[in-house]
């Protein structure tokens, strides 16, 4: 039914949040190869394969973000090349909210401290764990998660973006939707939206740690990596 | 751009998203 009066004012942000909730991709499974006898190789191969499939999903998801397809193809590429790891890491942190000392890369691929350390992923897991703690303390919910993920997409600082104004417009639209969402749901906490946005520096820092980790794996070699994953890693270097 | 062939292709393919 159509909202009226004061309810109508609440419409626009709710439309965006509902849209983002529907656009949220199905969860992926990591499916570690039980026949791989080398635990480290199994962990790293599983992680890189999962990240490659996440990438495909993230690219498909970005097309559903309001206004993203109105950017030029070149700018869509520049934006995705600069923020895909932030989007990926935010998803992992959100999945890990319920687990204090574990990182949930996928439901069937959960790494504790020891498993991570053995595979050389100790620093990455610690960084994602720190980010997850921040969101746990904030009790980040699903609506806020999808809003924040969309904002992270449009928060690109890529120097290759040609029409920065168009990207700024998308960012403003989503920022406004977050402000409206929080002012409706938590009028008693006017700092809520700001608190969420203040997690973006840690998100970028964590994505930087992920980049260093993946680049290290690539440099050392021995772990199969798909072409798209390599292409996107290269784009960030 | 040659270097980013796969991303380019994925973005170009079905440029219009599936109806939600």
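Protein chains in written order, with the working numbering: chain A, 1 to 237; chain B, 1001 to 1020.
We put the CB at the ideal spot given by N, CA and C, even for glycine.
Being a predicted model, the structure only gives us computed values, none of them experimental.
Residue i at chain B interface by Cβ criterion, 8 Å
{"i": "residue 152 of chain A", "result": "no"}
{"i": "residue 237 of chain A", "result": "no"}
{"i": "residue 231 of chain A", "result": "yes"}
{"i": "residue 16 of chain A", "result": "no"}
{"i": "residue 227 of chain A", "result": "yes"}
{"i": "residue 234 of chain A", "result": "yes"}
{"i": "residue 176 of chain A", "result": "no"}
{"i": "residue 56 of chain A", "result": "yes"}
{"i": "residue 73 of chain A", "result": "yes"}
{"i": "residue 80 of chain A", "result": "yes"}
Element boundaries [beta strand (DSSP E), containing residue i]
{"i": "residue 106 of chain A", "result": "102-106"}
{"i": "residue 109 of chain A", "result": "109-112"}
Whole-number beta carbon distance between residue j and residue i, since they are thought to touch under 8 Å
{"i": "residue 127 of chain A", "j": "residue 206 of chain A", "result": "5 Å"}
{"i": "residue 96 of chain A", "j": "residue 113 of chain A", "result": "With a Cβ gap of about 13 Å, residue 96 of chain A and residue 113 of chain A do not count as contacting."}
{"i": "residue 105 of chain A", "j": "residue 140 of chain A", "result": "18 Å between Cβ atoms; not a contact."}
{"i": "residue 28 of chain A", "j": "residue 53 of chain A", "result": "6 Å"}
{"i": "residue 44 of chain A", "j": "residue 119 of chain A", "result": "6 Å"}
{"i": "residue 59 of chain A", "j": "residue 80 of chain A", "result": "6 Å"}
Residue range of the unbroken alpha helix (DSSP H) whose run includes residue i
{"i": "residue 128 of chain A", "result": "122-138"}
{"i": "residue 75 of chain A", "result": "73-95"}
{"i": "residue 147 of chain A", "result": "142-154"}
{"i": "residue 1008 of chain B", "result": "1005-1012"}
Simplified DSSP assignment, three categories, for residue i
{"i": "residue 159 of chain A", "result": "coil"}
{"i": "residue 65 of chain A", "result": "coil"}
{"i": "residue 226 of chain A", "result": "coil"}
{"i": "residue 198 of chain A", "result": "coil"}
{"i": "residue 168 of chain A", "result": "helix"}
{"i": "residue 15 of chain A", "result": "helix"}
{"i": "residue 99 of chain A", "result": "coil"}
{"i": "residue 115 of chain A", "result": "helix"}
{"i": "residue 237 of chain A", "result": "coil"}
{"i": "residue 205 of chain A", "result": "helix"}
{"i": "residue 221 of chain A", "result": "coil"}
Where residue i falls, given that 16 or more other Cβ within 10 Å makes a residue buried
{"i": "residue 39 of chain A", "result": "exposed"}
{"i": "residue 129 of chain A", "result": "buried"}
{"i": "residue 13 of chain A", "result": "buried"}
{"i": "residue 212 of chain A", "result": "exposed"}
{"i": "residue 160 of chain A", "result": "exposed"}
{"i": "residue 89 of chain A", "result": "buried"}
{"i": "residue 232 of chain A", "result": "buried"}
{"i": "residue 137 of chain A", "result": "exposed"}
{"i": "residue 184 of chain A", "result": "exposed"}
{"i": "residue 199 of chain A", "result": "buried"}
Interface flag, residue i vs chain A, CB-CB below 8 Å
{"i": "residue 1020 of chain B", "result": "At residue 1020 of chain B the pLDDT is 37, less than 50, meaning the model places this residue with poor confidence; the figure from the coordinates comes in the next sentence. True, the Cβ-Cβ gap to chain A drops below 8 Å."}
{"i": "residue 1015 of chain B", "result": "At residue 1015 of chain B the pLDDT is 49, less than 50, meaning the model places this residue with poor confidence and gives no usable figure here."}
Residue i CB to nearest heavy atom of the ligand GTP below 7 Å
{"i": "residue 67 of chain A", "result": "Among the ligands in the structure shown, none appear at all, so the ligand GTP cannot be discussed."}
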